[in-house]
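Protein chains in written order, with this note's numbering: chain A, 14 to 322; chain B, 14 to 322; chain C, 163 to 513; chain D, 163 to 513. C-beta atoms are modelled at their ideal positions from N, C-alpha and C, and glycine is treated no differently.
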Ligand SMILES: Cc1ncc(C[n+]2csc(CCOP(=O)(O)OP(=O)(O)O)c2C)c(N)n1
Ligand SMILES: Cc1ncc(C[n+]2csc(CCOP(=O)(O)OP(=O)(O)O)c2C)c(N)n1
Ligand SMILES: [Mg+2]
Ligand SMILES: [Mg+2]
């Protein structure tokens with residue numbers, strides 16, 4: 014039984030992410046956001062469901078497609094917007110941009126634009142957590158494509174060998190840019206992960222934040238208790254093009270129908286009542302963040318030379 | 014039923030390899046072989062059994078531990094010895110040394126001293142064989158340790174995805190330098206390989222060249238027919254230290270008993286009659302190869318600058 | 163004379179490679195999709211088959227090794243990376259295998275693999291999508307590295323390298339030039355090894371500018387501007403960083419006494435350093451003033467536009483440096499152009 | 163004054179790192195075995211536990227990423243590679259992640275990882291076990307690279323970098339020096355940032371020699387020899403290739419007018435190039451003769467001893483180059499020493 018409060022809470026978070034990204038789409042033609050954006054629209058429930066099971070002390074590592082995770086983990090919206098606008102009050106002083114968000118105060122540890130690069134970092138952080146008795150989870154998000162990189166194999170092996178408290182979350186949207194799974198992978202992601210002796214779970218309903226929260230909370234509890242690695246695959250669907258604000262059904266690599274089917278299951282698409290109820294307050298917050306961003310100064314020479322070593 | 018001829022033939026090949034390497038040990042203190050040697054003593058049956066199923070048109074890629082494979086594939090002994098002696102008549106004009114042998118005339122395609130680096134090369138050669146209709150097998154030999162490298166995962170995936178006629182042979186001697194399997198791997202090598210949908214076979218009796226030949230011939234025939242990848246794991250035992258001419262039971266990472274058990278099963282150790290019968294002729298060949306090597310000139314400035322691009 | 167964009171020149175080169183040689187195979191993430199690697203492989207999978215224009219999984223080290231192995235067995239692979247930064251995952255195969263396979267085995271094998279990697283600024287690419295690793299590759303014997311600065315350069319050098327050359331090649335293509343149009347004169351196509359040579363783009367007597375990739379265009383723009391004020395720049399397009407024509411540079415410096423090196427990467431241990439070495443080993447006495455080097459600021463690449471504009475060279479800073487170096491012209495006005503990216507996003511040429 | 167070998171200095175530094183900081187962890191293939199990475203970690207696993215002195219699987223990229231992640235979360239990893247060539251498998255994590263993590267995220271994180279990698283000749287190592295990638299690393303902002311040339315240098319720089327510094331470091335240790343003994347004066351230990359500085363090993367007035375790693379020792383041997391014939395060499399140990407003291411080099415060249423750079427890697431795009439850049443940008447007029455550079459021949463490394471002896475610099479060629487450069491001493495006899503490896507395998511010091 015889901016409490017209505019939980020549904021509302023997670024819905025609100027997911028909706029906020031969607032509206033933020035829709036506002037980014039809306040503003041993109043102004044050229045004020047001068048950084049490529051990889052939108053999570055359609056995939057918000059994954060971020061929201063997972064982060065609800067984590068505390069600020071738990072660490073999350075993610076990818077270039079991480080507005081959703083940054084926000085769900087509790088990252089400050091103003092700081093994110095300023096980062097996208099390339100301003101000095103951005104969460105990384107404008108040096109990161111959309112592909113490199115971080116919010117250490119809530120355990121959002123950074124995102125890499127080189128596919129699969131953060132997977133081993135999360136295992137390393139889990140090793141540190143274990144050795145330093147931090148009682149802390151380390152979670153890493155990556156796409157289905159990332160599992161093809163060699164470092165994924167190296168990391169699963171190490172994490173299983175040392176029994177590290179790390180949770181691998183594969184956000185499977187079935188595409189790497191425009192390439193389908195079947196053209197890239199000879200293995201089943203889940204079975205392959207099992208071959209390392211890692212416990213696994215697959216969640217098919219990647220639009221259902223309640224389900225994801227429920228399942229992931231159990232997994233998080235298990236890992237907190239056992240200290241052992243876990244692997245979670247969550248099926249999901251990216252509504253927009255791989256990078257950029259548009260749609261790309263013209264590309265011919267997938268059909269609008271396939272995406273529409275997913276939309277028909279997605280609460281943020283179907284529960285219009287909730288959307289109407291919650292949107293106004295969220296929109297205010299978003300507009301305020303844009304104002305914040307636009308009022309923030311551009312970084313200059315001082316920032317340029319800072320933080321190299 | 015094994016024909017006595019086959020037994021003699023393979024025994025002779027295996028014995029030749031053993032005697033060559035024992036002669037290397039014997040000569041090593043003279044400092045004339047100025048290159049690190051990774052000896053195959055104890056592992057010869059693997060090379061002999063596999064290569065008997067291959068023709069000169071089939072390609073084999075291997076590692077720094079490849080005197081055995083070079084010879085079993087049909088590489089010229091004189092040229093190998095001259096290579097170890099750093100002479101101009103060496104199979105690579107002295108530029109390769111023990112770790113980098115090649116004999117293209119018999120399909121021995123080269124060996125890498127960077128663990129796992131040749132695995133993907135073999136898959137690429139198999140792709141070429143397939144696209145160019147070469148009716149040729151491509152086989153790659155690597156150690157158990159090599160399966161830990163990321164590129165191994167990348168290559169198994171690609172080979173299975175494109176259904177390439179490549180045979181992966183893991184020579185499992187249970188150690189990478191001084192580290193045991195259990196301290197390095199969380200997976201079973203065979204099951205892990207199966208997760209890519211690759212057909213697999215394990216051969217426990219890595220000392221038994223007849224058995225290896227029998228099994229590997231079947232596999233080679235299968236791959237010639239189906240054009241699909243195959244994975245073979247062969248258990249074996251390295252008698253000597255990881256690199257160098259000595260023994261290293263003093264190192265404490267394994268016991269002499271464990272190796273002695275293997276020796277008690279190894280025909281080259283047990284069938285002393287055959288050894289006595291075949292050794293004299295082989296020794297003549299070996300001594301001739303050393304004379305050949307010692308009479309060959311040292312490479313000089315011309316060779317130094319040749320073959321860069 | 164035709165007008166051909168950098169992108170079209172690349173696409174044409176890819177198509178001729180497939181057409182001229184049945185054994186040529188193109189590999190790249192998305193090589194067969196509707197965007198076709200920034201348009202340079204569009205339609206080729208349809209025409210030549212998906213086995214010859216292959217999409218690949220995400221596995222840079224593995225794919226490079228597969229290309230090396232295929233090259234050893236009769237294929238001529240072209241391997242494309244949409245960002246040079248991703249090639250760092252494949253450096254073991256490039257540096258330890260491809261660059262050494264021929265030498266290590268005493269000349270038994272050739273490894274004819276051609277790697278295309280896109281470098282450089284477009285906008286907001288950040289620290290991991292903007293690097294220009296020519297110096298890294300050029301330090302290792304066994305590789306050829308080219309940095310074409312126009313369409314003609316692509317057509318001629320790709321033609322030579324894909325048809326006649328049999329070793330590993332890395333071509334670094336600058337993203338900001340893809341949309342630019344250039345004059346191409348097919349009668350003047352350089353052939354054979356000449357297609358790799360450094361060459362003089364513009365003769366001049368006051369200052370020598372040695373430039374790579376898009377910095378050649380920047381140098382040309384600066385030179386045009388300064389010509390009106392009486393500063394006469396000689397510009398050398400280095401073109402290949404592994405096949406540098408020492409005498410061309412030395413002779414030019416002998417004439418001008420003044421050297422500026424403009425490269426797309428960091429200055430330290432970069433092309434600037436190598437050019438200084440060539441001068442110092444051969445003819446330091448020709449220098450009548452300290453050498454000036456232009457490149458990326460010594461930090462990782464920031465994302466914000468305001469920082470990018472400080473990070474990358476621009477016409478304003480280039481021109482003022484040339485003026486200073488030339489020692490003349492205190493009264494020359496400096497143009498107000500702080501962003502190279504802005505220019506190349508609007509200006510389409512022909513250059 | 164004590165006599166301490168390079169190997170002992172390394173082992174001592176490893177042990178102090180473990181003793182001084184509970185969060186220091188050593189990772190390396192074979193770090194806990196009976197050979198202990200050429201003796202530099204022997205006994206440490208027994209004393210500090212296998213979780214602090216960890217053997218690792220074969221996975222250079224993965225382990226480096228694990229070290230980076232551990233460093234982000236409170237650990238100070240030391241990651242050891244017995245050959246620098248294997249580090250090419252980890253360059254994505256080093257160049258794209260470790261070197262940029264601090265900058266890219268606006269200073270939120272430090273990545274205190276210390277990578278030790280063994281370079282250089284011993285014998286018969288061939289093309290894939292002999293490379294010296296200081297130039298590669300030094301081109302990328304965000305990294306510190308050191309090349310200690312003696313035991314004191316190890317003790318002081320490791321002490322600073324492992325205790326006080328919090329960014330990524332690469333230390334390239336030369337295999338041929340492991341068995342050498344050096345005088346160490348604990349009262350003269352340089353502390354803080356000074357421990358990275360380039361310094362004058364020997365003052366002289368005729369020729370400036372800038373050297374790295376074992377080439378410093380070679381330079382000292384050459385200088386001693388030549389001193390008897392009246393050629394007075396000034397030797398600068400560069401020590402760090404990322405923290406080069408420009409003024410030290412420039413002042414020295416001002417005095418001598420003559421520069422020779424001796425490095426362990428290839429000359430093109432290498433340390434030699436960078437030193438020339440520094441001179442060219444600052445004071446080319448001080449050079450009274452062309453610069454001479456000494457390093458590996460521009461080919462991959464061959465295996466045969468006869469080729470190695472031609473491939474690597476030796477005392478004979480070094481001395482004759484210095485004599486030529488100095489312009490004096492046509493009558494100085496050249497010593498007959500063609501193999502550096504032979505010398506260091508016999509000679510144990512103290513140096
Ligand atoms: C190592 C590397 N190779 C290629 C790319 C280019 N690229 C960016 S995203 C992407 C697809 C990744 O797919 P997936 O992991 O499924 O994540 P998704 O984008 O679907 O969320 C590719 C190929 C890259 N950034 N890094
Ligand atoms: C990439 C790389 N890492 C480390 C090494 C050092 N090394 C050489 S052989 C070896 C062990 C390899 O073990 P395995 O693959 O089982 O082969 P074996 O030596 O047992 O035949 C190691 C770690 C190397 N050569 N290459
Ligand atoms: Mg995906
Ligand atoms: Mg083994």
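Checklist entry - Roughly how many whole angstroms lie between the Cα atoms of residue 393(D) and residue 415(D)? => result 15 Å
Item to check | Exercise answer, beta-carbon shell around ligand 4 heavy atoms below 6 Å | outcome: 156(B), 157(B), 158(B), 186(B), 188(B), 189(B)
Item to check | residue 461(C) versus residue 304(D) - alpha carbon distance | outcome: 7 Å
Checklist entry - Would you say residue 184(B) touches ligand 1, meaning its beta carbon is less than 7 Å from a heavy atom? => result no
Item to check | Runs of alpha helix (DSSP H) wholly within the segment 215-246 of chain D (minimum 4 residues, chain order) | outcome: 222-234
Item to check | Outcome for residue 263(B) when other beta-carbon atoms lying within 10 angstroms are tallied against a minimum of 16 | outcome: exposed
Checklist entry - Residues of chain D with CB under 7 Å from residue 461(C), in chain order? => result 265, 303
Checklist entry - Can you round the beta-carbon distance between residue 242(A) and residue 179(A) to whole angstroms, since I take them to be within the 8 Å contact cut? => result 5 Å
Checklist entry - residue 366(D): which of 381(D), 357(D), 352(D) sits nearest, CA to CA? => result 381(D)
Item to check | Nearest residue (CA-CA) to residue 256(B), options 32(B), 80(B), 194(B), 17(B) | outcome: 80(B)
Next on the checklist: Contact criterion: CB-CB distance below 8 Å. Does residue 208(A) meet it with respect to chain G?
Outcome noted: Among the protein chains of the structure shown, namely A, B, C and D, there is no chain G.
Checklist entry - Is the CB of residue 271(C) under 8 Å away from at least one CB in chain B? => result yes
Checklist entry - Which whole-angstrom value is the C-beta distance of residue 247(A) and residue 59(A), which I expect to be below 8 Å? => result 5 Å
Item to check | Nonlocal neighbours in the same chain, by C-beta distance under 6 Å from residue 91(A), ignoring five residues either side | outcome: 302, 305
Next on the checklist: Does the contact criterion of 3 or more C-beta pairs under 8 Å hold for the segment 197-209 of chain C versus the segment 228-235 of chain C?
Outcome noted: no
Checklist entry - Contact between the segment 334-343 of chain D and the segment 455-471 of chain D: three or more CB pairs below 8 Å? => result no
Next on the checklist: Counting C-beta neighbours from all protein chains within 10 Å, is the total for residue 300(A) 16 or more, i.e. buried, or is it exposed?
Outcome noted: exposed
Item to check | Cutoff 6 Å; reference residue 275(B); Cβ partners in own chain excluding five residues on either side | outcome: 250
Item to check | Alpha carbon of residue 347(D) to alpha carbon of residue 360(D), nearest angstrom | outcome: 18 Å
Next on the checklist: Between residue 78(B) and ligand 2, is there a pair consisting of the residue's CB and a ligand heavy atom that are separated by less than 7 Å?
Outcome noted: yes
Item to check | Residues of the segment 229-247 of chain C with Cβ closer than 7 Å to any Cβ of chain B, in chain order | outcome: 229, 230, 231, 232, 234, 235, 236, 237
Next on the checklist: Is residue 244(C) near ligand 1 - that is, is its Cβ less than 7 Å away from at least one heavy atom of it?
Outcome noted: yes
Next on the checklist: DSSP has residue 369(D) in a bridge; who is on the other side?
Outcome noted: 395(D)
Checklist entry - What residue range is occupied by the uninterrupted beta strand (DSSP E) comprising residue 431(D)? => result Careful: residue 431(D) lies outside any beta strand (DSSP E) and carries neither H nor E.
Next on the checklist: I'd like the list of long-range same chain contacts for residue 140(A), defined as Cβ closer than 6 Å, with 5 residues on each side in sequence excluded.
Outcome noted: 177
Checklist entry - Using a beta-carbon distance below 8 Å, is residue 354(C) in contact with chain B? => result no
Item to check | Interface positions of the segment 185-200 of chain D facing chain B (Cβ-Cβ less than 8 Å), listed along the chain | outcome: 191, 192, 195, 196, 197
Checklist entry - Mapping DSSP to helix, strand and coil, what is residue 243(B)? => result strand
Checklist entry - At a cut of 8 Å, does the segment 205-224 of chain D reach the segment 178-194 of chain D through at least three beta carbon pairs? => result yes
Checklist entry - Going by C-alpha distance, which of 160(B), 144(B), 318(B), 194(B) is nearest residue 240(B)? => result 144(B)
Next on the checklist: Using only the alpha-carbon positions, how far apart do residue 200(D) and residue 330(D) sit?
Outcome noted: 23 Å
Item to check | Cross-chain neighbours of residue 224(D) in chain A, by beta carbon under 7 Å | outcome: 133, 164, 167, 168, 171
Next on the checklist: I'd like to know whether the C-beta atoms of residue 225(D) and residue 241(D) end up nearer to each other than 8 Å.
Outcome noted: yes
Checklist entry - Quick one: Cα of residue 490(D) to Cα of residue 421(D), how far? => result 15 Å
Checklist entry - Cβ of residue 191(D) within 7 Å of any heavy atom in ligand 2? => result yes
Item to check | Opposing strand residues paired with residue 361(C) [DSSP bridges] | outcome: 399(C)
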